[in-house]
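Asks: Residue numbering for the sequence shown follows this note's numbering, beginning at 493 and increasing consecutively. We put the CB at the ideal spot given by N, CA and C, even for glycine. Predicted model only: the values in this text are computed from it and were never measured. Let me give you the structure first, and then I'll get to my questions.
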Amino acid sequence: MRDVLLLFGMQGSGKGTQAERVKENFGYTDISIGKLLRDKAKEDPSISEFQKSGELVPDEIVEKLVEEKIESLADGEKILFDGFPRLKTQLDMYKRLAEKYGFNTLAILIDIPEEEAVKRIGTRYTCSQCEKIGFKPGKCEKCGSEMVRREDDTEGAVRERIGIFKRDTAPLTEYFKEKGELAIVDGVGSFDEVTERIFKAIDKHYQK
């Protein structure tokens with residue numbers, strides 16, 4: 493069995509910040525589908541073509557990349573999936589991977605109201621290099637690069653992305669709920685308060 497953590501939450505829920513804290517505290521290795529595809533695109537022109545055209549990379553290619561990454565990890569190494577699964581087809585893929593590799597899954601939904609998400613994103617900055625999130629201009633605390641406002645962080649664009657999350661991703665949590673693998677965490681409050689709730693949910697699940 494391999495412990496696997498999935499973090500769900502609409503944009504503005506603080507998911508990225510909480511993922512970093514979980515990795516540091518519990519020793520998870522993160523698998524980012526986006527990073528796997530970006531790295532593969534450097535050596536495989538066909539991946540670049542999909543990305544340039546705006547088309548989704550076929551699921552079979554994504555699944556193969558994820559399998560290769562999992563098989564490169566040490567036995568028992570814990571995984572935190574970043575941005576996966578997001579769609580129904582990716583949930584089907586996750587089920588196959590979970591069965592093949594013996595995942596002990598916990599899915600955490602960081603739950604915040606839509607208006608809170610819009611408010612947070614309206615005040616956030618993103619590092620131009622490492623993409624760390626912050627809430628003031630200046631230099632990135634992590635790498636020293638410039639903190640900037642994303643062009644697509646307008647209220648209209650944010651609400652559109654939240655709508656996509658509600659339509660495509662949020663329903664996936666029902667699968668994990670039915671299996672007793674879902675914890676819903678209140679995402680309103682300070683980052684430290686939310687972190688404490690997430691840590692408690694992880695401890696509770698894996699101490700069963």
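1. I believe Arg578 touches Tyr617 by the beta-carbon criterion, under 8 angstroms. Please report the beta-carbon distance rounded to the nearest angstrom.
2. In this structure, does DSSP put Leu579 in helix, strand or coil?
3. Do Phe589 and Val558 have their C-beta atoms closer together than 8 angstroms?
4. Which residues share a DSSP beta bridge with Phe518?
5. Roughly how many angstroms separate the alpha carbons of Ile600 and Gly672, rounded to a whole number?
6. Which whole runs of the beta strand (DSSP E) in the segment 548-576 are 3 residues long or more, in chain order?
7. What are the start and end residues of the alpha helix (DSSP H) that includes Ile654?
8. How many angstroms separate the CA atom of Ser637 from the CA atom of Ser620?
9. Just to check my reading of the structure: Leu598 and Ile694 have Cβ atoms closer than 8 angstroms, yes? What is that Cβ distance to the nearest angstrom?
10. Could you check where the alpha helix (DSSP H) with Val610 kicks off and where it finishes?
11. Once DSSP output is grouped into helix, strand and coil, what is the label at Gly508?
12. With distances taken from CA atoms, which of Lys561, Gln510 and Met502 is nearest Val686?
13. Considering only C-alpha positions, which residue in the set Leu499, Phe683, Gly679 and Phe542 is nearest to Asp603?
14. Whose C-alpha, out of Val514, Leu498, Gln503 and Val496, is nearest the C-alpha of Asp684?
Replies: A quick look at the data gives this:
1. In the sequence shown, counting from the first residue as 1, residue 578 sits at position 86. In the sequence shown, counting from the first residue as 1, residue 617 sits at position 125. The pair is not a contact, with the Cβ atoms about 24 angstroms apart (cut-off 8 angstroms).
2. The sequence position of residue 579 within the sequence shown is 87, counting from 1. Note: Leu579 maps to coil in three-state DSSP.
3. Within the sequence shown, residue 589 is the residue found at index 97, counting from 1. Within the sequence shown, residue 558 is the residue found at index 66, counting from 1. Correcting the residue type first, residue 589 is Leu in the shown sequence and not Phe. It is a contact, given that the beta carbons lie within the stated cut-off.
4. If you number the sequence shown from 1, residue 518 lands on position 26. Paired residue(s): none; Phe518 is not in a bridge.
5. Looking up residue 600 in the sequence shown gives position 108. Looking up residue 672 in the sequence shown gives position 180. The alpha-carbon atoms of Ile600 and Gly672 are separated by roughly 11 angstroms.
6. 571-574
7. In the sequence shown, residue 654 corresponds to position 162, counting from 1. Ile654 -> alpha helix (DSSP H) spans Glu647 to Ile656.
8. If you number the sequence shown from 1, residue 637 lands on position 145. If you number the sequence shown from 1, residue 620 lands on position 128. Roughly 6 angstroms separates the two Cα atoms.
9. Start at 1 with the first residue of the sequence shown, and residue 598 comes out as number 106. Start at 1 with the first residue of the sequence shown, and residue 694 comes out as number 202. So it is a contact: roughly 6 angstroms between Cβ atoms.
10. As a working note, residue 610 is residue 118 in the sequence shown. Counting along the chain, the alpha helix (DSSP H) containing Val610 begins and ends at Glu606 to Ile613.
11. For this step, residue 508 is matched to residue 16 along the sequence shown. In the structure shown, Gly508 sits in a helix (DSSP, three-state: H, G or I).
12. As a first step, residue 686 is located in the sequence shown; it is residue number 194 there, counting from the start. For the residues Lys561, Gln510 and Met502, the minimum Cα distance to Val686 belongs to Gln510.
13. By 1-based counting over the sequence shown, the position of residue 603 is 111. Closest by alpha carbon: Gly679.
14. Indexing the sequence shown from 1 puts residue 684 at position 192. Cα-wise, what sits closest to Asp684 is Val514.
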